[in-house]
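Q: Have a look at the structure that comes next, please.
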Amino acid sequence: MNPSYSILFEPVKLGPVTTPNRFYQVPHASGMTEANPRVRAKFRGTKAEGGWGVVSTGAVSTHPSCDDSPLPYARLWDENDVASHALSTEAIHEHGSLAAIELWHGGGAVMNRSSRIPPYSPSGIPWMATHVGFMGQLRPRIMDKKDIRDIVQWQVDAARRAQRAGFDIVYIYAGMGYLGYEFLLEEYNLRTDEYGGSVKNRTRFVRELIEATKDVIGDDCAIALRISLEELRARKSEHYESQAHEVVSLLADLPDLWDVKMDSSPTDCAASRFTAEGSHEPVINFVKQVTDKPVVGVGRFTSPDTMVSQIKRGILDLIGGARPSIADPYLPNKIKAGREDEVRECIGCNICISSWHDGVPVRCTQNATIGEEWRKNWHPEKFKASQSNDKILIVGSGPAGLEAGLTAARRGYEVTIAEKSHQLGGRINFEESLPGLQAWGRLKDYRLYALKQMANVNLYPDSELGIGEILSSEHQRIVIATGARWTRARYSSLEIPTSSLDGNEIYTPDDIAAGKLPKGKVLVFDFDNYYMGGILAEYLSEKGNSVEYATPAGHASAWTIMTNEQPYVHQALFNHGVEVHTQMLLENHIDGSASMKNIFTGEARDIDVDSVVIVGLRLPENDLYDRLLTDHEAVKQAGIQSVDRIGDALAAGALVHAVYSGHEYARNLDETDEDRVLLRDLPIVEIEPGHIT
Ligand code: ADP
Ligand code: SF4
0 MNPSYSILFE
10 PVKLGPVTTP
20 NRFYQVPHAS
30 GMTEANPRVR
40 AKFRGTKAEG
50 GWGVVSTGAV
60 STHPSCDDSP
70 LPYARLWDEN
80 DVASHALSTE
90 AIHEHGSLAA
100 IELWHGGGAV
110 MNRSSRIPPY
120 SPSGIPWMAT
130 HVGFMGQLRP
140 RIMDKKDIRD
150 IVQWQVDAAR
160 RAQRAGFDIV
170 YIYAGMGYLG
180 YEFLLEEYNL
190 RTDEYGGSVK
200 NRTRFVRELI
210 EATKDVIGDD
220 CAIALRISLE
230 ELRARKSEHY
240 ESQAHEVVSL
250 LADLPDLWDV
260 KMDSSPTDCA
270 ASRFTAEGSH
280 EPVINFVKQV
290 TDKPVVGVGR
300 FTSPDTMVSQ
310 IKRGILDLIG
320 GARPSIADPY
330 LPNKIKAGRE
340 DEVRECIGCN
350 ICISSWHDGV
360 PVRCTQNATI
370 GEEWRKNWHP
380 EKFKASQSND
390 KILIVGSGPA
400 GLEAGLTAAR
410 RGYEVTIAEK
420 SHQLGGRINF
430 EESLPGLQAW
440 GRLKDYRLYA
450 LKQMANVNLY
460 PDSELGIGEI
470 LSSEHQRIVI
480 ATGARWTRAR
490 YSSLEIPTSS
500 LDGNEIYTPD
510 DIAAGKLPKG
520 KVLVFDFDNY
530 YMGGILAEYL
540 SEKGNSVEYA
550 TPAGHASAWT
560 IMTNEQPYVH
570 QALFNHGVEV
580 HTQMLLENHI
590 DGSASMKNIF
600 TGEARDIDVD
610 SVVIVGLRLP
620 ENDLYDRLLT
630 DHEAVKQAGI
640 QSVDRIGDAL
650 AAGALVHAVY
660 SGHEYARNLD
670 ETDEDRVLLR
680 DLPIVEIEPG
690 HIT
């Protein structure tokens with residue numbers, strides 16, 4: 000290990016417990032509930048195995064009045080839940096790490112769709128984010144004194160259960176718009192009793208939660224306070240630098256650990272496209288000056304130098320990681336072993352958070368194995384040895400081809416990757432050059448770095464393969480990873496892609512990637528709805544074009560709501576002077592005029608533009624694959640055992656799909672159907688279903 004990193008491996012005392020090092024996997028959404036306790040346990044155990052000294056749950060509801068369904072939230076309501084979580088704590092303890100649980104009451108920010116209990120809030124003020132205004136219509140109740148006592152009691156009951164489940168660190172949650180936070184902020188808390196008004200009064204509820212929890216389990220478990228400080232730091236306080244300073248001073252040494260963060264998912268878990276590593280620092284950098292208790296915080300930290308600097312400069316005691324621990328569960332161990340160059344760094348794409356919004360276990364662009372440790376028996380660092388001497392030829396070096404090649408090579412197969420372009424990396428080579436996407440280059444850099452170290456890998460750029468080359472290649476396994484192409488299809492009122500718009504002035508993202516840039520005034524018409532349309536509008540505007548953007552959706556880059564990017568997409572378009580037209584269908588482009596109509600009302604809108612970039616339907620590039628299947632006799636005679644297509648050549652998708660597809664191919668090589676594990680998890684039922692006890 001680089002000696003300057005040894006500070007990262009020092010223990011830290013948290014009240015009655017001590018961490019083995021400073022790597023702290025903070026609570027994060029994992030999409031794993033009591034419905035899949037073994038998936039959850041193996042997922043967390045793998046992080047402990049990879050060296051994370053503390054491994055936390057995501058938010059765990061203390062009571063049915065905190066019910067975020069249909070989102071996949073966890074519960075600790077009864078003894079079955081205790082048994083379910085105990086699987087996780089055992090898996091974490093097996094590797095000498097501490098287990099933390101983020102007990103949580105969502106207050107007025109949850110809709111209790113399943114329990115149908117009117118949500119709790121200090122003053123009946125709901126969370127009504129404009130971009131998710133459709134999320135619910137139930138407004139929360141105003142908590143009376145009994146409600147306050149109940150919530151504290153439910154926290155205490157859940158804390159006792161947490162202790163029984165084997166947790167070492169138990170949280171009080173006062174962040175992200177949830178109940179504790181609602182008491183802290185003036186807009187949510189209009190109370191005139193001892194819980195409202197002054198900052199001291201507004202802090203009372205959180206203090207009671209901490210004190211009550213400490214009373215019952217504080218001798219054995221560390222009590223952590225997770226708190227959002229972004230808004231509070233921006234607010235004036237009479238006697239302190241800000242209300243954040245005041246709140247932290249009022250509670251200073253009460254918790255054993257301060258876990259400090261931002262206020263909303265888009266700022267807390269910000270995409271790298273808009274926000275750099277370490278972005279929380281200006282908000283949380285004062286906390287250690289106010290409390291003597293240890294502080295943990297996050298910032299998408301993947302560089303050990305940055306981590307050491309955070310500690311040495313007195314910003315943090317523990318290096319919090321959510322996304323870095325997803326992208327590489329072995330990050331700490333790799334640093335410890337002096338292998339920091341091999342860390343699979345998070346690219347900040349936020350596909351992981353989109354899986355929470357999708358209601359499924361966490362998925363990651365960089366790490367195909369996350370969430371599949373139990374279900375598929377995929378370990379991020381261990382690979383089943385090859386089962387044959389077959390040589391693998393991969394055509395195309397995009398994310399799918401590189402991942403398939405790397406995984407097969409790690410299994411011991413001899414791998415050749417042929418790429419027609421001069422540069423290996425496929426679509427990443429263009430995409431990493433787009434505004435804000437520089438960190439996405441890590442996807443290719445990580446894989447190419449690893450592939451280049453391996454003796455059983457041959458990399459051939461500048462090598463376009465046709466049927467002839469493949470048949471004479473003397474490889475037994477052919478993998479077509481030739482990607483997908485963007486089409487000029489438009490979008491119809493039936494809400495499906497329809498006939499193409501042709502002409503010299505009609506462009507696709509592939510044209511732009513190839514350096515064929517439109518001139519003059521440009522309309523970007525986007526029904527792909529992910530990043531490409533919005534980002535090309537930015538890119539072209541930075542190249543000097545005057546740009547307008549149109550989409551049939553209600554927002555620009557509509558799907559980016561799932562990745563926490565949408566507010567920033569609108570800001571970026573605004574800052575680039577891009578006019579946004581929503582709910583639009585593109586009808587035609589004739590003589591410098593694009594005709595559009597409203598998808599709902601049919602109202603026409605014409606705008607003068609020299610060219611149009613259509614960002615819509617992508618179709619697989621699989622001519623080579625089809626020809627190999629047609630020529631199956633020649634394929635057989637060439638000794639080829641299998642021809643497969645992966646990634647975008649199979650089904651055009653996001654980078655996460657391409658990486659997963661490549662990984663899955665290589666894991667399944669030479670495996671029988673029986674070997675291809677796909678286990679089904681089930682809830683643990685130790686006590687008969689019935690009343691919550
Ligand atoms: P994916 O996301 O599925 O990995 P990409 O589009 O990123 O797909 O990458 C596909 C790669 O395949 C591109 O770099 C492209 O140049 C390459 N490619 C396409 N056809 C051939 C071919 N016949 N021979 C070699 N490389 C090819
Ligand atoms: Fe990082 Fe993207 Fe993986 Fe999330 S999905 S951990 S942001 S690489």
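Heads up: the sequence shown begins at 0 in numbering that gives the first Met the number 0, then just goes up one per residue. Built from N, CA and C at the ideal position, the CB exists for glycine as well.
Excluding the 5 residues flanking K292 on each side, which residues of the same chain have their C-beta closer than 7 Å to its C-beta?
A: Cβ within range, chain order: D252, P254, D255, L256 and W257.
Q: Please return the same chain residues whose Cβ sits closer than 8 Å to the Cβ of G591, not counting the five positions on each side in sequence.
A: Excluding sequence neighbours, G591 sits near D607, V608 and D609.
Q: Given 8 Å as the limit, tell me if V655 has its C-beta closer than that to any heavy atom belonging to ligand 2.
A: Yes.
Q: Which same chain residues, not among the five before or five after N621, have their C-beta less than 8 Å away from its C-beta?
A: Same-chain partners within the cutoff: I479, T481, R644, A648 and L649.
Q: Taking the alpha carbon of S324 as the reference point, which residue from H356, R299 and T629 has its own alpha carbon closest?
A: For the residues H356, R299 and T629, the minimum Cα distance to S324 belongs to R299.
Q: Measure the Cβ-Cβ separation of S354 and A417 and say whether it is below 9 Å.
A: Contact flag unset, no.
Q: Taking all protein chains shown into account, decide if A336 is buried (16 or more other Cβ within 10 angstroms of its Cβ) or exposed.
A: The residue is exposed, with fewer than 16 neighbouring Cβ atoms inside 10 Å.
Q: List the endpoints of the continuous alpha helix (DSSP H) containing N188.
A: That residue, N188, is in no alpha helix (DSSP H); it is neither H nor E in DSSP.
Q: Does the distance from the C-beta atom of A488 to that of S498 stay below 9 Å?
A: Yes; because the gap between Cβ atoms is below 9 Å, this pair is in contact.
Q: Which word fits S492, buried or exposed, when buried means at least 16 other C-beta atoms lie within 10 angstroms of its C-beta?
A: The residue is exposed, with fewer than 16 neighbouring Cβ atoms inside 10 Å.
Q: For G196, verify whether its CB is less than 8 Å away from any heavy atom of ligand 2.
A: Flag unset: Cβ of G196 not near ligand 2.
Q: Do the CB positions of H62 and W76 come within less than 9 Å of each other?
A: Going by C-beta atoms, H62 is nearer than 9 Å to W76.
Q: Drop a sphere of 10 angstroms on the beta-carbon of Q640, count the other beta-carbons inside from all chains shown, and report buried for 16 or more, exposed for fewer.
A: Result: exposed.
Q: Near A47, what residues of its chain come up, given a Cβ to Cβ distance below 6 Å and the 5 sequence neighbours on each side ignored?
A: Cβ neighbours of A47 beyond the five flanking positions: V54, I91, H94 and S96.
Q: Could you compute how far the alpha carbon of A173 sits from the alpha carbon of S227?
A: The straight-line gap from Cα to Cα measures roughly 7 Å.
Q: Quick one: grab the DSSP three-state call for V246.
A: Residue state, collapsed to three classes: helix.
Q: Given a cut-off of 9 Å on the beta-carbon distance, is the pair I352 and L436 in contact?
A: Not closer than 9 Å, so no.
Q: List the endpoints of the continuous alpha helix (DSSP H) containing E632.
A: Looking at the DSSP string, the run of the alpha helix (DSSP H) that includes E632 is H631 to Q636.
Q: Would you kindly work out how many angstroms separate the C-alpha atoms of V611 and G397, rounded to a whole number?
A: Computed Cα separation, rounded: 27 Å.
Q: Give, in chain order, every unbroken run of the beta strand (DSSP E) that is at least 3 residues long and sits entirely within the region 134-175.
A: Segments of the beta strand (DSSP E) lying fully in the region 134-175: 168-173.
Q: For R234, does the count of other Cβ atoms within 10 angstroms reach 16, so buried, or fall short, so exposed?
A: When all chains shown are included, R234 counts as exposed.
Q: Hey, could you find the ends of the alpha helix (DSSP H) I310 is sitting in?
A: I310 -> alpha helix (DSSP H) spans P303 to K311.
Q: Out of A403, R476 and T600, state which residue places its alpha-carbon closest to the alpha-carbon of R446.
A: Of the listed residues, the one whose Cα sits closest to R446 is A403.
Q: Can you check DSSP and say which residues form a bridge with G320?
A: Q24.
Q: Among the residues of its own chain, which have a CB less than 8 Å from the CB of E504, if the five just before and after it don't count?
A: Here the set comprises P517, H588, D609, S610 and V611.
Q: Tell me whether G132 is buried or exposed, calling it buried when 16 or more other Cβ atoms sit within 10 Å of its Cβ.
A: For G132, the pLDDT reaches just 49, beneath the cut-off of 50, and the residue's location in the model is therefore unreliable, although a value from the coordinates is still provided. Classification for G132: exposed.
Q: Check whether the region 545-557 touches the region 574-582, counting contact only when three or more Cβ pairs, one atom from each stretch, lie closer than 8 Å.
A: Yes, they touch.
Q: With DSSP as the reference, label M0 as helix, strand or coil.
A: Residue state, collapsed to three classes: coil.
Q: Please work out which residues of its chain come closer than 8 Å, Cβ to Cβ, to V169, disregarding the five sequence neighbours upstream and downstream, and give them in chain order.
A: Result list for V169: A99, I100, L102, A158, A161, Q162, T212, I216, C220, A221, I222 and A223, in chain order.
Q: Mind checking which residues open and close the alpha helix (DSSP H) that includes A571?
A: Start and end: Q565 to N574.
Q: Any chance the CB of T481 is under 8 Å from a heavy atom of ligand 1?
A: It does: the Cβ of T481 is within 8 Å (strictly closer) of some heavy atom of ligand 1.
Q: Would D680 and P281 qualify as a contact pair, given that the criterion is a beta-carbon distance under 9 Å?
A: Cβ atoms of D680 and P281: not closer than 9 Å.
Q: Which of the three DSSP states, helix, strand or coil, is assigned to L13?
A: Residue state, collapsed to three classes: strand.
Q: Buried or exposed: where does H690 fall if 16 or more other Cβ atoms within 10 Å of its Cβ makes it buried?
A: So H690 ends up on the exposed side.
Q: Looking only at DSSP bridge pairs, what is E240 linked to?
A: Beta-bridge pairing links E240 to no other residue.
Q: My assumption, with CB atoms under 8 Å, is that S120 sits in contact with G107. Please give the rounded CB distance.
A: Yes, S120 and G107 are in contact; Cβ-Cβ is about 3 Å, under 8 Å.
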